[in-house]
Amino acid sequence: MLLDLPDSALTRDLPPETLRLELACALFGRGRLGKVAAAELAGVSLVSFQRALGERQTESYTLAMLDADERNLRRVFPE
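Residue numbers for the sequence shown follow this note's numbering, so the first one is 449 and each next one is one higher.
Here it is as structure tokens:
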């Protein structure tokens with residue numbers, strides 16, 4: 449997919465890699481992309497993407513995810 453952006457102050461001042469990372473972080477933060485897909489869109493490793501999320505103070509592991517993980521663990525390892 450090719451995204452054609454107007455030559456504005458925003459696109460002149462930011463290199464394409466930065467724009468891709470910002471877009472990926474925004475889409476992940478809004479729940480439109482999963483972490484792996486967003487990292488692929490940004491063109492970075494998953495670890496680098498998680499680091500970028502942290503730098504932007506974007507939640508990458510929510511309470512809902514924690515609850516789901518806890519339920520799954522209890523199902524796999526019953527008490």
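Ideal Cβ placement from N, Cα and C applies to all residues, glycine included.
These numbers were taken from a predicted model, which means no experiment stands behind them.
Please report how far the alpha carbon of Val492 lies from the alpha carbon of Arg499, in whole angstroms.
-> 10 Å
What is the DSSP secondary structure of Phe476, reduced to helix, strand or coil?
-> helix
Is it buried or exposed for Phe476, if we count other Cβ within 10 angstroms and need 16 for buried?
-> buried
Cβ distance (whole Å) where Leu501 is taken to contact Cys473 below 8 Å | 6 Å
In the DSSP assignment, find the alpha helix (DSSP H) that holds Arg523 and state where it starts and stops.
-> 511–524
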